[in-house]
Structures are given as structure tokens and as C-alpha cells.
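The structure appears right after this line, and notes come after that.
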Amino acid sequence: MISQLSGHTLLVFVGLPALIIAVIALLVFASSIADGPRYRPGLSWWAPPVWINGPETTKPDPASLPELPAGPTTTATAGTGVARTTGGASASW
């Protein structure tokens with residue numbers, strides 16, 4: 370009777386906690402196991418490139434594009450009222 374009691378005691382006090390710990394560890398690591406390998410620094414990249422929200426794969430026909438209106442050839446600088454043909458934020462390009 371003592372040998373059965375100690376077997377049950379071991380099962381309750383050692384087996385069940387070990388089972389609970391194993392289930393929790395499996396739940397914690399399940400997502401990383403399911404995702405598969407990931408990039409590690411120093412290794413070559415094996416996944417295909419992904420360009421999110423990049424240009425469309427088909428190029429538009431240049432003949433069907435509308436023409437842009439011609440803009441002014443000179444710009445006025447602030448405060449002087451003199452037209453300049455250069456641009457940029459500092460008007461010195």
C-alpha cells in the first residue's frame with residue numbers, strides 16, 4: 370500500500386506540475402515554431418522581395434498620358450519684386 374501511495378504522490382506532485390509546465394511552454398513557443406525560420410544577421414536573405422504599396426507592375430502607355438501645362442519661366446523673389454530665373458528655397462540654385 371505504501372508503494373502505491375508514493376507512486377500516486379509522485380504522479381500528483383511531480384507529474385502534474387511537469388505536464389502543466391510542458392503545456393504552458395508549448396503554448397508560449399507555438400507561434401515561433403509555426404512561423405518557421407527567420408533572418409539572422411550574417412546570413413543571406415532567402416525570402417523574395419516585397420514592395421508594399423509600390424508602383425504597379427504594368428507601365429502606362431506614354432501616348433495616353435495627359436500633357437502637363439507649361440509653367441512660368443521666371444519666379445519672383447519675396448520682397449524685391451524682381452523676377453529671377455533660378456529656384457530653390459534660397460533662390461540661389
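Residues in the sequence shown are numbered from 370 upward in steps of one, following this note's numbering. In this text, a Cβ means the ideal position worked out from N, Cα and C, and glycines have one as well. From a predicted model like this one, the values you see are computed outputs, not experimental measurements.
Collapsed DSSP secondary structure at residue i in the structure displayed
i    : result
D404 : helix
P417 : coil
T427 : coil
P438 : coil
L385 : helix
L380 : helix
L412 : coil
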